[in-house]
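To keep things clear, I will list the structure first and then write my remarks on it.
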Amino acid sequence: MKNTFRTLAVLLVLSGVLSCKSEYEALLSSNDIDAKYEAAFDYFNQKKYSRAAQLFESMSVLTNGTERDDTVQYYWGLSNYRYKDYYTAETNFQKFLENFPRSPFAEDARFLRLDCLYRSTYRYELDQTPTYACLQAIAEYMAEYPADTPHLEACRKMSVDLNERLDRKAYEAAKLYYKMEDYLAARVAFRNVLKDDSDNIYREDILYYTAMSSYNYARLSVPEKQKERYLVFVDDYLNFIGELPDSRYCKELELKYRRAQKALGRYTGTDEELEAKEKEFAREQKLIEKEMKKK
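Residue numbers (our numbering): 206 to 500.
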């Protein structure tokens with residue numbers, strides 16, 4: 206008897222589910238604009254964004270040219286956005302802006318399109334083509350809308366994040382040569398990074414690795430080439446301390462500078478003094494590493 210009741214209950218549930226499904230599918234294929242319009246917003250308000258998007262999409266042809274046209278198109282995109290289908294939503298908003306540039310929804314649609322583009326960008330290690338596209342769209346948005354737009358701060362944050370991503374990609378690409386111990390290529394690459402973008406947020410590190418690249422390149426060169434290459438390092442070192450006299454890298458670079466001066470025959474101190482300073486620096490670095498491990 207219990208099994209019979211259980212079976213009936215399951216059948217009733219399945220019947221209800223199938224009924225709901227068939228009702229939704231019937232509505233989806235219906236030409237009743239008012240019923241579809243009301244149902245689409247009901248699903249949207251219930252946060253059933255996938256169903257809402259499908260209804261708005263199916264309605265878009267029926268409302269074309271009517272007073273509901275821009276509302277349907279906008280909420281079609283917004284439903285996909287809330288469903289986190291950012292690729293489709295970006296396409297929706299782009300089409301919406303082409304068709305309804307003066308709609309009351311236009312500013313929000315433009316910002317949401319930006320947000321879709323932003324969410325579709327990749328980590329700094331990957332292709333940054335979408336990042337450039339998004340930055341261009343942000344610049345156009347900020348130029349078009351006044352300073353009091355509610356989305357301006359969000360646009361600024363996106364722009365900062367994306368530019369930092371580009372800065373890091375350029376920095377890490379140059380640093381790869383250094384890790385490979387191709388010091389000549391590394392120095393050229395680091396200098397090119399700052400040539401392309403002098404305000405790179407990794408400027409201090411880039412200048413440090415530029416100097417270290419020229420030092421290591423000179424150190425590993427054949428004796429007859431060392432003098433001219435140590436002179437290049439001296440220029441890089443003086444450039445660094447001139448710009449960043451309080452940098453955490455100054456002490457290390459100063460020791461390299463003393464070594465270079467010794468190789469150039471200009472060092473006035475003793476070997477013992479230089480070695481003592483280098484040992485002291487090595488101990489300090491070990492203590493710093495130990496503290497970092499504890500943290």
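Built from N, CA and C at the ideal position, the CB exists for glycine as well.
Keep in mind that this is a model prediction, so the values were computed, not measured.
Check: Exposure label - N236; buried when at least 16 CB within 10 Å; Outcome: exposed
Check: Supposed contact pair L302 and Y346 - C-beta distance, whole angstroms, cut 8 Å; Outcome: The pair is not a contact, with the Cβ atoms about 11 Å apart (cut-off 8 Å).
Check: DSSP state of Y454 mapped onto helix, strand, coil; Outcome: coil
Check: Within 7 Å, strictly: CB atoms of S426 and R392; Outcome: no
Check: Inter-residue CB distance, Q431 and A390 (contact presumed, cutoff 8 Å); Outcome: Not quite, the Cβ-Cβ distance comes to about 19 Å (not below 8 Å), so this is no contact.
Check: Inter-residue Cα distance where the pair is T354 and Q341; Outcome: 18 Å
Check: Alpha-carbon spacing of L232 relative to D275, whole angstroms; Outcome: 21 Å
Check: At least 3 beta-carbon pairs within less than 8 Å: the stretch 408-417 vs the stretch 378-387; Outcome: yes
Check: Best match in G270, E272, A294, R373 for proximity to R324 [C-alpha to C-alpha]; Outcome: A294
Check: Reduced DSSP secondary structure (H/G/I, E/B, other) of Y414; Outcome: helix
Check: A240, enclosing alpha helix (DSSP H) - first and last residue; Outcome: 238-250
Check: Cβ-based neighbour list, S220, same chain, cut-off 7 Å, excluding 5 preceding and 5 following; Outcome: Any reading at S220 must be qualified, since the residue scores a pLDDT of 49, below 50, and its modelled position is unreliable; the value itself is stated next. Answer for S220: no residue qualifies.
Check: Proximity winner among N269, E358, F395, S364, relative to P335 (alpha-carbon distances); Outcome: S364
Check: Rounded separation between L399 and L260 - CA only; Outcome: 52 Å
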